[in-house]
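Written out below as C-alpha coordinates is the structure these notes cover.
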Amino acid sequence: MSQAFFELKGGEFLPAPHAHSPWSPDMLHGRLLGGLAARCLEREHRSDGLRFARLTVDLFKNSPMLPVRVETVRVRDGHRIRVADATLSTGQGVIGRASAVLLREGEQPGGERNDTPAWDERPPQHPPAELGWRPPFDLWRLTAWDTAEPRRVWMRENRPLVGEEELSPFARAALAADFASPLSGSGTLGVQFINADFTLTLAREPVGELIGMQAAGHLSADGIGTGDCVLHDADGPIGYCVVTAVANPVPLGAG
(Lines of atoms letter the chains of each structure in order from A; the text may use other names.)
(Lines give C-alpha, C1' and ligand atoms only; values in the text may rest on other atoms or scores of the structure.)
Protein backbone atom coordinates (compact mmCIF):
# COMPACT_ATOMS: atom_id res chain seq x y z
CA MET A 1 0.00 0.00 0.00
CA SER A 2 1.34 3.44 -0.94
CA GLN A 3 1.78 6.52 1.22
CA ALA A 4 -1.40 7.95 2.74
CA PHE A 5 -2.99 11.16 1.51
CA PHE A 6 -2.86 12.72 5.00
CA GLU A 7 -0.97 12.39 8.27
CA LEU A 8 -2.71 13.38 11.51
CA LYS A 9 -0.58 15.67 13.69
CA GLY A 10 -1.73 17.99 16.45
CA GLY A 11 -5.38 17.66 15.49
CA GLU A 12 -4.73 18.61 11.85
CA PHE A 13 -4.59 16.51 8.69
CA LEU A 14 -1.36 17.30 6.84
CA PRO A 15 -1.70 16.64 3.09
CA ALA A 16 0.92 14.69 1.16
CA PRO A 17 2.00 16.09 -2.24
CA HIS A 18 -0.19 13.54 -4.03
CA ALA A 19 -3.34 14.85 -2.28
CA HIS A 20 -3.71 17.52 -4.97
CA SER A 21 -6.70 17.95 -7.26
CA PRO A 22 -6.69 16.78 -10.88
CA TRP A 23 -7.74 20.33 -11.78
CA SER A 24 -4.64 21.95 -10.25
CA PRO A 25 -1.46 20.71 -8.51
CA ASP A 26 -1.82 23.55 -5.99
CA MET A 27 -5.35 22.63 -4.85
CA LEU A 28 -6.56 19.93 -2.45
CA HIS A 29 -8.62 17.19 -4.08
CA GLY A 30 -12.28 17.64 -3.16
CA ARG A 31 -12.97 13.92 -2.92
CA LEU A 32 -10.41 13.71 -0.10
CA LEU A 33 -12.26 16.38 1.86
CA GLY A 34 -15.38 14.25 1.57
CA GLY A 35 -13.38 11.28 2.79
CA LEU A 36 -12.05 13.23 5.78
CA ALA A 37 -15.56 14.39 6.67
CA ALA A 38 -16.85 10.81 6.53
CA ARG A 39 -13.94 9.53 8.60
CA CYS A 40 -14.42 12.10 11.37
CA LEU A 41 -18.22 11.88 11.44
CA GLU A 42 -18.01 8.10 11.70
CA ARG A 43 -15.46 8.13 14.51
CA GLU A 44 -17.37 10.67 16.58
CA HIS A 45 -21.03 9.90 15.91
CA ARG A 46 -21.51 6.27 14.90
CA SER A 47 -22.84 3.73 17.40
CA ASP A 48 -24.21 0.19 17.33
CA GLY A 49 -27.45 -0.15 15.39
CA LEU A 50 -27.18 3.25 13.69
CA ARG A 51 -25.91 3.34 10.12
CA PHE A 52 -25.00 6.21 7.81
CA ALA A 53 -27.80 6.57 5.27
CA ARG A 54 -26.87 9.96 3.80
CA LEU A 55 -23.81 12.18 3.50
CA THR A 56 -23.93 15.59 1.85
CA VAL A 57 -20.61 17.34 1.27
CA ASP A 58 -20.45 20.99 0.17
CA LEU A 59 -17.21 21.91 -1.60
CA PHE A 60 -17.63 25.66 -1.87
CA LYS A 61 -14.03 26.89 -1.73
CA ASN A 62 -10.87 25.71 -3.45
CA SER A 63 -8.12 25.19 -0.90
CA PRO A 64 -4.34 25.32 -1.29
CA MET A 65 -2.33 22.37 -0.04
CA LEU A 66 -2.66 23.33 3.63
CA PRO A 67 -3.33 21.34 6.83
CA VAL A 68 -7.04 20.61 7.29
CA ARG A 69 -8.97 20.67 10.56
CA VAL A 70 -12.33 18.90 10.89
CA GLU A 71 -14.82 19.75 13.63
CA THR A 72 -18.10 17.88 14.10
CA VAL A 73 -21.26 18.54 16.07
CA ARG A 74 -24.30 16.38 16.80
CA VAL A 75 -27.43 18.21 15.68
CA ARG A 76 -30.12 15.66 16.52
CA ASP A 77 -30.01 12.46 18.56
CA GLY A 78 -33.27 10.50 18.50
CA HIS A 79 -34.01 6.81 18.84
CA ARG A 80 -34.21 6.14 15.10
CA ILE A 81 -32.43 9.13 13.58
CA ARG A 82 -29.20 10.94 14.35
CA VAL A 83 -27.92 13.99 12.47
CA ALA A 84 -24.36 15.28 12.64
CA ASP A 85 -22.52 18.06 10.82
CA ALA A 86 -18.84 18.61 10.05
CA THR A 87 -16.89 21.74 9.17
CA LEU A 88 -13.60 21.55 7.28
CA SER A 89 -11.18 24.45 7.54
CA THR A 90 -7.58 25.52 6.98
CA GLY A 91 -5.62 28.52 8.19
CA GLN A 92 -7.40 30.49 5.46
CA GLY A 93 -10.88 29.73 6.79
CA VAL A 94 -13.73 27.30 6.12
CA ILE A 95 -13.35 25.34 2.88
CA GLY A 96 -16.23 22.87 3.12
CA ARG A 97 -18.94 21.33 5.25
CA ALA A 98 -20.81 18.07 5.52
CA SER A 99 -24.07 16.80 6.95
CA ALA A 100 -24.80 13.17 7.77
CA VAL A 101 -27.96 11.26 8.64
CA LEU A 102 -27.72 7.99 10.57
CA LEU A 103 -30.76 5.69 10.74
CA ARG A 104 -31.45 2.78 13.06
CA GLU A 105 -31.42 -0.67 11.51
CA GLY A 106 -34.60 -2.74 11.81
CA GLU A 107 -36.67 -5.50 10.26
CA GLN A 108 -36.92 -5.29 6.47
CA PRO A 109 -40.57 -4.92 5.29
CA GLY A 110 -42.02 -7.60 3.04
CA GLY A 111 -43.57 -7.15 -0.37
CA GLU A 112 -42.16 -6.14 -3.72
CA ARG A 113 -40.86 -2.75 -4.83
CA ASN A 114 -39.39 -1.19 -7.95
CA ASP A 115 -35.85 -2.00 -6.82
CA THR A 116 -32.83 -0.80 -8.76
CA PRO A 117 -31.56 -3.85 -10.66
CA ALA A 118 -28.08 -5.26 -10.26
CA TRP A 119 -25.80 -4.52 -13.18
CA ASP A 120 -24.12 -7.17 -15.32
CA GLU A 121 -20.51 -6.05 -14.84
CA ARG A 122 -18.29 -8.67 -13.25
CA PRO A 123 -15.50 -7.58 -10.88
CA PRO A 124 -12.26 -7.01 -12.81
CA GLN A 125 -9.78 -9.85 -13.06
CA HIS A 126 -6.89 -7.80 -14.49
CA PRO A 127 -4.99 -4.61 -13.58
CA PRO A 128 -6.58 -1.33 -14.73
CA ALA A 129 -5.47 -0.04 -18.13
CA GLU A 130 -3.46 3.18 -18.19
CA LEU A 131 -5.45 5.37 -20.58
CA GLY A 132 -5.00 9.14 -20.58
CA TRP A 133 -5.54 10.78 -17.20
CA ARG A 134 -4.42 8.55 -14.33
CA PRO A 135 -6.58 9.02 -11.22
CA PRO A 136 -5.19 8.59 -7.68
CA PHE A 137 -7.06 5.28 -7.35
CA ASP A 138 -7.48 2.14 -9.43
CA LEU A 139 -10.04 2.73 -12.18
CA TRP A 140 -11.46 0.23 -14.66
CA ARG A 141 -13.35 1.96 -17.49
CA LEU A 142 -16.10 -0.38 -18.64
CA THR A 143 -17.55 1.80 -21.40
CA ALA A 144 -16.28 4.23 -24.03
CA TRP A 145 -15.32 7.70 -22.81
CA ASP A 146 -15.50 9.63 -26.07
CA THR A 147 -19.27 9.39 -26.50
CA ALA A 148 -22.35 10.76 -24.75
CA GLU A 149 -23.44 7.29 -23.67
CA PRO A 150 -23.78 6.46 -19.94
CA ARG A 151 -20.45 5.48 -18.40
CA ARG A 152 -19.63 2.60 -16.06
CA VAL A 153 -16.55 2.02 -13.92
CA TRP A 154 -15.13 -0.12 -11.17
CA MET A 155 -13.03 1.77 -8.60
CA ARG A 156 -10.64 0.74 -5.84
CA GLU A 157 -8.61 2.84 -3.43
CA ASN A 158 -4.88 2.10 -3.49
CA ARG A 159 -3.70 4.45 -0.70
CA PRO A 160 -4.77 4.95 2.91
CA LEU A 161 -6.66 8.15 3.58
CA VAL A 162 -4.99 8.94 6.91
CA GLY A 163 -1.71 7.44 8.11
CA GLU A 164 -1.92 3.69 8.50
CA GLU A 165 -5.64 3.68 9.33
CA GLU A 166 -7.76 1.03 7.66
CA LEU A 167 -10.38 2.56 5.40
CA SER A 168 -13.93 1.91 6.62
CA PRO A 169 -16.68 0.90 4.16
CA PHE A 170 -18.46 4.22 4.74
CA ALA A 171 -15.34 6.30 4.09
CA ARG A 172 -14.62 4.17 1.02
CA ALA A 173 -18.07 4.96 -0.37
CA ALA A 174 -17.61 8.66 0.40
CA LEU A 175 -14.32 8.76 -1.49
CA ALA A 176 -15.91 7.07 -4.49
CA ALA A 177 -18.99 9.30 -4.46
CA ASP A 178 -17.20 12.41 -5.73
CA PHE A 179 -16.47 10.59 -9.00
CA ALA A 180 -20.18 10.85 -9.79
CA SER A 181 -19.38 14.32 -11.11
CA PRO A 182 -17.04 13.41 -13.99
CA LEU A 183 -18.87 10.15 -14.61
CA SER A 184 -22.28 11.78 -15.09
CA GLY A 185 -21.05 15.10 -16.50
CA SER A 186 -18.60 13.93 -19.15
CA GLY A 187 -19.46 14.19 -22.82
CA THR A 188 -17.88 13.96 -26.26
CA LEU A 189 -15.49 16.80 -25.31
CA GLY A 190 -14.50 15.29 -21.97
CA VAL A 191 -15.09 16.61 -18.45
CA GLN A 192 -16.37 20.19 -18.62
CA PHE A 193 -18.14 20.54 -15.25
CA ILE A 194 -16.70 20.68 -11.74
CA ASN A 195 -18.97 19.76 -8.85
CA ALA A 196 -19.81 22.06 -5.96
CA ASP A 197 -21.09 19.19 -3.79
CA PHE A 198 -22.19 15.60 -3.68
CA THR A 199 -24.94 13.77 -1.82
CA LEU A 200 -24.39 10.08 -1.16
CA THR A 201 -27.29 7.89 -0.04
CA LEU A 202 -26.74 4.31 1.07
CA ALA A 203 -29.17 1.46 1.65
CA ARG A 204 -26.19 -0.55 2.86
CA GLU A 205 -22.44 -0.19 3.07
CA PRO A 206 -20.16 -1.63 0.39
CA VAL A 207 -18.65 -5.06 0.89
CA GLY A 208 -15.04 -5.45 -0.21
CA GLU A 209 -12.65 -2.98 -1.80
CA LEU A 210 -14.35 -2.58 -5.18
CA ILE A 211 -17.06 -0.01 -5.81
CA GLY A 212 -18.86 0.12 -9.13
CA MET A 213 -20.55 3.22 -10.46
CA GLN A 214 -22.82 3.83 -13.42
CA ALA A 215 -24.05 7.20 -14.64
CA ALA A 216 -27.83 7.43 -14.53
CA GLY A 217 -28.41 10.90 -15.95
CA HIS A 218 -27.22 14.46 -16.58
CA LEU A 219 -29.02 17.77 -17.04
CA SER A 220 -27.44 21.18 -17.63
CA ALA A 221 -28.38 24.65 -18.81
CA ASP A 222 -26.53 27.98 -18.81
CA GLY A 223 -23.41 26.38 -17.37
CA ILE A 224 -25.15 24.80 -14.36
CA GLY A 225 -25.48 21.04 -14.23
CA THR A 226 -26.71 18.16 -12.13
CA GLY A 227 -26.08 14.45 -12.47
CA ASP A 228 -26.70 11.21 -10.65
CA CYS A 229 -25.12 7.78 -10.45
CA VAL A 230 -25.87 4.36 -9.01
CA LEU A 231 -23.24 2.77 -6.76
CA HIS A 232 -22.63 -0.99 -6.67
CA ASP A 233 -20.38 -3.52 -5.03
CA ALA A 234 -19.78 -7.09 -6.15
CA ASP A 235 -23.08 -8.14 -4.52
CA GLY A 236 -25.31 -5.53 -6.19
CA PRO A 237 -26.48 -1.92 -5.91
CA ILE A 238 -25.85 -0.10 -2.61
CA GLY A 239 -27.01 3.49 -3.14
CA TYR A 240 -26.99 6.65 -5.20
CA CYS A 241 -25.01 9.85 -5.58
CA VAL A 242 -26.29 13.21 -6.86
CA VAL A 243 -24.07 16.19 -7.68
CA THR A 244 -24.51 19.79 -8.72
CA ALA A 245 -21.80 21.29 -10.90
CA VAL A 246 -20.70 24.43 -12.71
CA ALA A 247 -19.12 24.62 -16.15
CA ASN A 248 -15.33 24.64 -15.93
CA PRO A 249 -13.28 25.29 -19.09
CA VAL A 250 -9.99 23.92 -17.69
CA PRO A 251 -9.42 20.37 -18.96
CA LEU A 252 -9.23 17.69 -16.27
CA GLY A 253 -5.62 16.87 -15.54
CA ALA A 254 -4.32 20.03 -17.21
CA GLY A 255 -2.65 21.03 -13.95
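By UniProt numbering, the letter at position 176 of the sequence shown is numbered 176, and the numbering carries on one by one without gaps.
Backbone N, C-alpha and C fix where the C-beta goes; we use that ideal spot for every residue, glycine too.
For Leu32, the enclosing alpha helix (DSSP H) stretches over residues 30-45.
For Met27, same chain residues with a beta-carbon under 8 Å away, outside a window of 5 residues either side, are His20, Ser21, Asn62, Ser63, Pro64, Met65, Gly255 in chain order. If you draw a straight line from the Cα of Val83 to the Cα of Arg97, it is about 14 Å long. Taking 8 Å as the upper bound for CB-CB distance, Gly225 and Gly217 are not in contact here, some 11 Å apart. Each residue's CA atom was taken as its position, placing Pro67 and Val75 some 26 Å apart. For Met65, no pairing in a beta bridge is given by DSSP.
Annotation for Leu231: no alpha helix (DSSP H) segment contains it, though the beta strand (DSSP E) segment containing it runs 224-233. Taking C-beta atoms under 8 Å as the contact rule, Phe137 and Met155 qualify, at a distance of about 6 Å.
Counted as a single uninterrupted DSSP element, the beta strand (DSSP E) harbouring Pro15 occupies residues 12-15. If you look at Phe198, you'll find it in the beta strand (DSSP E) that goes 197-202. His18 sits in a helix when the DSSP states are folded into three classes. Arg204 and Gly212 have their C-alpha atoms roughly 14 Å apart. Thr244 and Asp120 have their alpha carbons spaced roughly 28 Å apart. Note that the segment 192-208 touches the segment 42-61; at least 3 beta-carbon pairs, one per stretch, sit closer than 8 Å.
DSSP, reduced to helix, strand and coil, places Arg82 within a strand of the structure shown. As the crow flies, the alpha-carbon of Glu149 is around 27 Å from that of Ser24. Between Asp178 and Gly208, the gap from beta carbon to beta carbon reaches 8 Å or more. In summary, Ala221 is exposed, with fewer than 16 beta-carbon neighbours lying within 10 Å of its beta-carbon over all protein chains present. The C-beta distance from Thr72 to Leu36 rounds to 11 Å, too long to meet the 8 Å contact threshold. The three-state reading of DSSP puts Gly217 in strand, counting E and B together. Annotation for Pro182: the continuous alpha helix (DSSP H) segment containing it runs 180-185.
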